[in-house]
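Q:
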Amino acid sequence: MSDKKSANAMWGGRFSAGPDAIMEAINASIGYDQKMAKQDIEGSRAHAAMLAAQGIIEDSDATAIRKGLLTVLSEIEGGTFAFSTALEDIHMNVEARLTEIVGPAAGRLHTARSRNDQVATDFKLWVRGQMDAAIDGLSALMKVFVAQAEAGADMVMPGFTHLQVAQPVTWGHHMMAYVEMFARDRSRFEDARKRMNESPLGAAALAGTSFPIDRDMTAEALGFDRPSANSLDAVSDRDFALEFLTSCSICAIHISRIAEELVIWSSAQFRFVTISDRFSTGSSIMPQKKNPDAAELLRSKVGRITGSLVALLTIMKGLPLAYSKDMQEDKEQVFDAADSIMLSLAALTGMMADLRPNPEPLRTAAASGFSTATDLADFLVRALNMPFRDAHHVTGALVKMAEDQGCDLHELSLEQMQSVEGQITEAVYEVLGVENSVASRVSYGGTAPSQVRAQIARWKEALS
Ligand code: ARG
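For the sequence shown, the numbering used here assigns the number 169 to the initial residue and increments by one for each residue that follows.
(1) Can you tell me whether F440 is buried or exposed? The criterion is at least 16 other CB atoms within 10 Å of its CB, across all chains shown.
(2) Let me know if T248 comes out buried or exposed under the rule of 16 or more other beta-carbons within 10 Å of its beta-carbon.
(3) Taking the beta strand (DSSP E) that E332 falls in, what are its first and last residues?
(4) Between S415, T338, I432, A373, which has its C-alpha nearest R296's C-alpha?
(5) Under the three-state reduction of DSSP, which class applies to M169: helix, strand or coil?
(6) Tell me whether the beta-carbon of I233 lies closer than 8 Å to the beta-carbon of V262.
(7) Which whole-angstrom value is the C-beta distance of R361 and L480, which I expect to be below 8 Å?
(8) Beta-carbon within less than 6 Å of S170's beta-carbon, same chain only, minus the 5 sequence neighbours each way: which residues are those?
(9) Express the C-alpha separation of L237 and R385 in angstroms, rounding to a whole number.
(10) What does DSSP give as the partner residue(s) for N459 in the beta ladder?
(11) Closest to G275 by CA distance: which of A216, A250, Q298, E245 is it?
(12) Measure the beta-carbon distance from A317 to I509 and round it to whole angstroms, keeping in mind my assumption that it falls under 8 Å.
(13) Between the Cα of L241 and those of I453, I224, G211, spot the shortest distance and give me the residue it belongs to.
(14) Out of V347, W294, Q335, L577, state which residue places its alpha-carbon closest to the alpha-carbon of A308.
(15) When the Cα atoms are used, what is the spatial distance from A490 to P380?
(16) Can you check whether the CB of A288 is closer than 8 Å to the CB of R368?
(17) Count the other CB atoms within 10 Å of the CB of A462; is the residue buried (16 or more) or exposed (fewer)?
(18) When burial is assigned at 16 or more other CB atoms within 10 Å of the CB, is D572 buried or exposed?
(19) Check whether the Cβ atoms of V337 and G327 lie closer than 8 Å to each other.
(20) Give me the Cα-Cα distance between A630 and A607, rounded to the nearest whole angstrom.
(21) Under 8 Å: do the stretch 426-442 and the stretch 522-531 share three or more Cβ pairs, one atom per stretch?
(22) How far does the beta strand (DSSP E) with F438 in it extend, from its first residue to its last?
(23) Do you know whose CA, among F251, L277, M191, lies nearest E226's CA?
(24) Pull up the distance between the alpha-carbon of R354 and that of H422, whole angstroms please.
(25) Taking buried to mean at least 16 other C-beta atoms within 10 Å of its own C-beta, is L152 buried or exposed?
(26) DSSP three-state call for F357: helix, strand or coil?
(27) Whole angstroms is fine: what's the gap from V478's alpha carbon to D522's?
(28) Nearest to I483 by alpha carbon, out of K469, L466, V502?
(29) Below 8 Å, how does it come out for the stretch 243-260 and the stretch 197-214: are there three or more Cβ pairs, yes or no?
(30) Considering only the alpha carbon of each residue, which of V602, S404, D382 lies closest to S536?
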């Protein structure tokens, strides 16, 4: 058997070239880490400037390096750069091309640096940019929800618990609930950003360096608040990526909940909302259908985003300090989750901007299912000074009576009501209307339009 043949037998098809090809395939990250080209070049330019400022390399070399790096960047951005798998990753691809452009001076760039602090720096810069994008995306999304809330501040709809009609609420109130959720999502990104904004550059391989580097200078040039205080930690943790993924996951969960509501609400059985044609699709076989595909996909994205979080948590678990190659696997997870969350934010923003709530079905459903029974009980407490437990019991009897007669609470006559509780007066009918019900819930954070408008005003100010 020839060598070639035995290699084929062992590794088959794609890896027929044998161990070298397999090693290259498992080792290389250039297929995906080229996404960080800009950050890599930015980091290298800051490093070169610092090396020159500290007299570690000649000014002329630093100038050539910094200029050459810009040429590399323009080649990459222009799509003319030839990425090489043999050169493993973005760091070595950039450096190899830099060497072709500026000659041996390029070799001085890697003084007092390792790929370990380089990759940590690049990745942090990339993740930080995505955190900023998520913060902006969430602000835009919140504005759309506030606009929906304002347009429907007194539009009555059913509030659900257990997906059973519970009490009437307002559309504005429901929309503003999401504003609160997305505000916390935004603050999670902001908070994580603050915590992660320390520069790993200068940690070198793991122990720091004997060259007289100025880590404050590179930190400042790259927009970090300070250099990280422990070189081992700087090259070996990816908690910033985990926090990004956690923040994405929780946000995706919130998105999935409104998405699910949109799927339910847009169904023929509910007709609470109309999703615009721009965010629905037709069926290839059933001409009558209009499917909420975008909402369904928004509902599903949380699966892959949370999958990325679990993947990276598992990758990081039990790794000894400092750098291990396992950590190269951090990127695809984060890249995929970032793409998913950004697309989700954009799609939901578009859908919500176009969405039309349908007041009639919303109001009809709000009045169904004895939704004002709590108002009736509260009335008995207030008007007749009944203990709430007794009022609850009387109301239960009235609900049963209405149920038996197949009517709603407000359709019972005063005589019928008085047969259950003699002291009930005509005034009861006022509390049985859904508009009165919502208007009465004026407790802080309640569903009354006056309360909802106050929250809308607060958020409009905060988001302007
Ligand atoms: N491509 C590598 C990564 O993403 C860069 C760091 C390599 N460091 C090393 N010591 N092999 O993690």
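A virtual CB, placed ideally from N, CA and C, is assigned to each residue, including glycine. Predicted model only: the values in this text are computed from it and were never measured.
A: The short version:
(1) Taking the first residue of the sequence shown as position 1, residue 440 is located at position 272. Under this definition F440 is a buried residue.
(2) Here residue 248 is taken as the residue at index 80 of the sequence shown, counted from 1. Classification for T248: exposed.
(3) As a working mapping, residue 332 is identified with position 164 in the sequence shown. First, the residue type needs correcting, since residue 332 is Gln and not Glu in the sequence shown. Start and end: 332-338.
(4) Position 128 of the sequence shown, counted from the start, is the residue given in the question as residue 296. Ranking the options by Cα distance to R296, first place goes to S415.
(5) Within the sequence shown, numbered from 1, the residue matching residue 169 stands at position 1. Confidence at M169 is low in this model, with a pLDDT of 37, below 50, so its placement is unreliable and the value that follows should be read with caution. M169: coil per DSSP, three-state reduction.
(6) On the sequence shown, position 65 is the one that residue 233 refers to. On the sequence shown, position 94 is the one that residue 262 refers to. The answer is no: Cβ separation not under 8 Å.
(7) Position 193 of the sequence shown, counting from 1, holds the residue named residue 361. Position 312 of the sequence shown, counting from 1, holds the residue named residue 480. Not really, about 18 Å apart at Cβ, beyond 8 Å.
(8) For the purposes of this step, residue 170 is taken as residue 2 along the sequence shown, with counting starting at 1. For S170, the predicted model reports a pLDDT of 42, less than 50, meaning its position is unreliable and no value from the coordinates is stated.
(9) Taking the first residue of the sequence shown as position 1, residue 385 is located at position 217. Taking the first residue of the sequence shown as position 1, residue 237 is located at position 69. Looking at the sequence provided, one finds Met at residue 385 rather than Arg. Roughly 19 Å between the two C-alpha positions.
(10) By one-based count along the sequence shown, residue 459 stands at place 291. Bridge partners of N459: T449.
(11) Counting from 1 along the sequence shown, the entry for residue 275 is found at position 107. Comparing Cα positions, the closest option is A216.
(12) On the sequence shown, residue 317 is found 149 positions in, with the first residue counted as 1. On the sequence shown, residue 509 is found 341 positions in, with the first residue counted as 1. Incorrect: roughly 23 Å between the Cβ atoms, too far for contact.
(13) Working through the sequence shown from its first residue, we reach residue 241 at position 73. When only C-alpha atoms are compared, the closest one is G211.
(14) Reading the sequence shown from its first residue, position 140 is the one you call residue 308. Comparing Cα positions, the closest option is V347.
(15) As a first step, residue 490 must be located in the sequence shown, where it is residue number 322. As a first step, residue 380 must be located in the sequence shown, where it is residue number 212. Cα to Cα, A490 sits roughly 23 Å from P380.
(16) As a working note, residue 368 is residue 200 in the sequence shown. As a working note, residue 288 is residue 120 in the sequence shown. This sequence places Pro at residue 368; Arg is not what is there. Against a cut-off of 8 Å, the Cβ pair of A288 and P368 comes out as a contact.
(17) As a first step, residue 462 must be located in the sequence shown, where it is residue number 294. Classification of A462: buried, given that the 10 Å Cβ count is 16 or more.
(18) Numbered from its first residue, the sequence shown carries residue 572 at position 404. Counting Cβ neighbours within 10 Å, D572 comes out exposed, since fewer than 16 surround it.
(19) Taking the first residue of the sequence shown as position 1, residue 337 is located at position 169. Taking the first residue of the sequence shown as position 1, residue 327 is located at position 159. Yes, they are a contact pair.
(20) In the sequence shown, residue 630 corresponds to position 462, counting from 1. In the sequence shown, residue 607 corresponds to position 439, counting from 1. Cα to Cα, the separation comes out at about 25 Å.
(21) yes
(22) Counted from its first residue, the sequence shown places residue 438 at position 270. Premise fails: F438 is in no beta strand (DSSP E) and is neither H nor E.
(23) For the purposes of this step, residue 226 is taken as the residue at position 58 of the sequence shown. When only C-alpha atoms are compared, the closest one is L277.
(24) Taking the first residue of the sequence shown as 1, we reach residue 354 at position 186. Taking the first residue of the sequence shown as 1, we reach residue 422 at position 254. About 12 Å.
(25) The displayed coordinates of the chain run from 169 to 632. Any statement about residue 152 would go beyond what the structure contains.
(26) Taking the first residue of the sequence shown as 1, we reach residue 357 at position 189. Helix at F357.
(27) In the sequence shown, residue 478 corresponds to position 310, counting from 1. In the sequence shown, residue 522 corresponds to position 354, counting from 1. Rounded to the nearest angstrom, the two C-alpha atoms are 34 Å apart.
(28) Translated into positions along the sequence shown, residue 483 becomes position 315. Closest by alpha carbon: V502.
(29) yes
(30) Residue mapping note: residue 536 aligns to position 368 of the sequence shown, counting from 1. Nearest option by C-alpha distance: V602.
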